[in-house]
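What follows is a short report on a single structure.
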Amino acid sequence: MSPSVAPAADSPRKVALVTGGNSGVGLAIAQRLYDHSTAANTPLTLVLGCRNMAKAETARQQILNSPVHQHLATDSDTEKPTCLVELLHIDTSSVASVKQAAAEFGRRYSRLDRLFCNAGAMAISGLNAMNIARGITTHPVAFFESSEAVDQQRHLVTADGLGLIFQTNVFGHYLLIHHLTDALAVARGRVIWTGSSASQLEFSRADYQHVLGDKSYESSKYIIDQINVSLAERLRLKGVESYVAEPGNVHSNFLASLDAMWFQVLVCLVFYICRTVAGLPRFTITAEAACESACYLALAPDEQKEEGKLDARLKYYTHVSRLGHSSVTSSPLKYDKATAAFLMNKLDGLVARFDKQ
């Protein structure tokens, strides 16, 4: 349910930044924002934050070739496109890249209405045949909802000396928020994280960057759940909100790195069976459906905050019906205050450390 908000006649051009906007859920979010802006005649500058600029340009052209563009993409009063699509180079696994991107953003734009912390990585080394056999025969639904089928690489560290997946999925975005808070404050903006299902079992304080473990992706998503309420409380002092959106089980590009087309086909088939036969709505499958919760959080009017429908203490899920209709549900975010305080302290310490460089 993506609310359609009629703009005021003198509404300023808003700015939205989507990290990882060249593929998957990020591209679907960007396409939805573009279509909404164009159809509603709401001026928007849509910024795709990407590491690979060639892929970013391909994504930009794909967005601009939207059917909506053919008739509605120009503001008749200004003869300028209602929605501008621009590119920003950013690699969230690099402190230098994040700082450079934030500085470049500040030179180009004076405000930031929506920041989608979406870029993410999972370091897959291969399939785990034993886990696949056990999972399919003993707990098939939970198995296909998890990453049990793949082995994730350990001991991956960036040039900054941080855990690769931790930095890509969490700290890179945390640092970006730190540097863009003033721009977000100007617009009374919203930060929207792309979350995922994760539990405390995949997290360890002793190895909070999960360099030694084999569930670095899940650990990073658990961290997002833990820090969001504390981060939102801090940002709210400047008029900024922070939310977590869960896209559900998506047949994603992560599996494309595997030379196992048979497994990709199997996963897609099982996903459709789980949704259409078993009626499990969390199997969203396509990025276009999965982005519903993130887009809801972006487009919902401010009045919904007062009504309690927008709340940092909730996690927002995309659900898809048997017939493919998307909707958004929410439930209390599962987090531990002590763990949140521990992680915020670690993240703030890293920010302070790298700000000195």
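Residues in the sequence shown are numbered from -9 upward in steps of one, following my numbering.
Every residue gets a Cβ at the ideal spot worked out from N, C-alpha and C, and that includes glycine.
Ranked by Cα distance from I122, the first of L191, A44, L256 and S186 is L256. The beta carbon of A302 sits closer than 7 angstroms to the beta carbons of N218, V219, A222, E231, S232 and Y233 from its chain, once the five residues preceding and following it are set aside; these are given in chain order. Between L77 and E47 the beta-carbon gap is near 7 angstroms, inside 8 angstroms, which marks them as a contact. Taking every protein chain shown into account, the CB of H129 has fewer than 16 other CB atoms within 10 angstroms, so this residue is exposed. Note on D326: under 16 other CB atoms within 10 angstroms of its CB, so exposed under the neighbour-count rule. Cβ neighbours of Q294 within its own chain (closer than 7 angstroms, five residues either side excluded): L300.
Close CB contacts of D150 within its chain, under the 6 angstroms cut and outside five residues either way in sequence, are with V85 (chain order). For the 8 angstroms CB-CB criterion, T184 and C107 form a contact. The beta-bridge partner set that DSSP reports for F106 consists of V8 and I182. Considered as a whole, the region 259 to 327 harbours 304 to 310 and 316 to 322 as its complete beta strand (DSSP E) runs of no fewer than 3 residues, in chain order. For V341, the three-state secondary structure derived from DSSP is helix. Minimum Cα-Cα distance from P237 among the listed residues T319, G162 and N55 corresponds to T319. Excluding sequence positions up to five before and after S83, its CB lies within less than 7 angstroms of the CB of T148, L154, Q157, T158 and G162, all in the same chain and listed in chain order. In the three-state reduction of the DSSP assignment, G229 falls in the coil class, being assigned neither a helical nor a strand state.
Counting the other CB atoms within 10 Å of its CB gives M251 a total below 16, which places it among the exposed residues. Under the three-state reduction of DSSP output, S210 falls in the helix class. Contact between the region 309 to 319 and the region 133 to 146 is not established, with fewer than three Cβ pairs separated by less than 8 angstroms. Judged by DSSP secondary structure, T127 falls within the alpha helix (DSSP H) whose first and last residues are A119 to T128. The C-alpha of R41 lies about 15 angstroms from the C-alpha of M112. The shortest C-alpha to C-alpha distance from G110 to any of K211, Q254 and L304 is the one to K211. Note that the region 306 to 313 does not touch the region 331 to 343; fewer than 3 beta-carbon pairs, one per stretch, sit closer than 8 angstroms. Buried is the label assigned to R50, since at least 16 other Cβ atoms lie within 10 Å of its Cβ. When secondary structure is reduced to three states using DSSP, D249 falls in the coil class, being assigned neither helix nor strand. Relative to E278, the option among K89, I53, K228 and K305 whose CA is nearest is I53. Per DSSP, the unbroken alpha helix (DSSP H) holding V88 starts and ends at V85 to R98. When DSSP assignments are scanned along the region 20 to 59, the uninterrupted stretches of beta strand (DSSP E) that are 3 or more residues long and fall wholly within it turn out to be 34 to 40. In this structure, H168 is the residue among S187, H168 and S189 with its C-alpha nearest to the C-alpha of V181. Shown here, D204 sits in coil according to DSSP, grouped into three states, outside any helix or strand. Shown here for A92: same chain residues with a beta carbon closer than 7 angstroms to its own, the five before and five after excluded, namely L166, H169 and L170 in chain order.
Note that the C-beta distance between I19 and C285 is below 8 angstroms.
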